[in-house]
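Residue numbers (full-length UniProt numbering): 1 to 202. Think of the CB as a built atom: it goes at the ideal place given N, C-alpha and C, for glycine as much as any other residue. Here is the structure we will look at, set down as structure tokens.
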């Protein structure tokens, strides 16, 4: 799903239930992990900054969960049940904090040891950044139309289009010539996708 995050992290315009908040936190944590590792392996500051933005979103959601939980509790039994929910949410908040720390490697230009990079590059899934050529078969095709997850087993986690950075694009998003796409998946499948993106394979 394509997500649009602003820099103002207060309450969401649409009220959310405790269940909805937890699901959103889980989805964002997963996205943060993808972006953090991709930012390190590809040395991409924009992706690293997106991780920090998402961490602030997690903080906002945690606050909203506290408020929703306080309103939902009516008796001792509710309080005991809600305490478990809050613990899960706090654990995800801690995960988001730890993931954001990974981006310091990029943002503070610390670099990673070649041996560490070699190990990371052997761990599935792999990450790759490719540019869509003007004569690529992908131009004008939507993510959903291509069924990339089914056909190649890869997932698009970000698209850089000019000055715009689209995080977690939705299925209706169409590739355009010049798009720089960050994808994850098996190494051989990423290579196949890169060949299609470059126009080498029609």
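* When the Cα atoms are used, what is the spatial distance from residue 130 to residue 94? -> Each residue's alpha carbon lies about 32 Å from the other.
* Asked: Cβ of residue 143 within 8 Å of Cβ of residue 168?
  -> Not a contact, by the Cβ cut-off of 8 Å.
* With DSSP as the reference, label residue 47 as helix, strand or coil. => Assigned with DSSP and collapsed to three states, residue 47 falls in helix.
* Proximal residues to residue 192 (C-beta, below 7 Å), its chain only, five neighbours per side dropped -> Within the same chain, residue 192 has close Cβ partners 152.
* Asked: For the candidate residues 43, 60, 40 and 46, whose alpha-carbon lies nearest to that of residue 28?
  -> Minimum Cα distance to residue 28 is reached at 60.
* Among 65, 41 and 46, which residue has its Cα nearest to the Cα of residue 17? -> Nearest in C-alpha terms to residue 17, of all of 65, 41 and 46, is 65.
* When you compare only the Cα positions, how much space is there between residue 26 and residue 57? -> Computed Cα separation, rounded: 12 Å.
* Asked: Beta carbon of residue 106, beta carbon of residue 44: below 8 Å?
  -> Yes, Cβ-Cβ distance for residue 106 and residue 44 is below 8 Å.
* From the DSSP output, read off the bridge partner residues of residue 126. => Partner(s): 185.
* Which whole-angstrom value describes the C-beta separation of residue 183 and residue 155, a residue pair presumed to lie in contact below a C-beta threshold of 8 Å? -> Contact between residue 183 and residue 155 holds: their C-beta atoms lie close to 7 Å from each other, under 8 Å.
* **Test item: CB-CB of residue 41 and residue 100 under 8 Å** => No, these two residues do not count as a Cβ contact at 8 Å.
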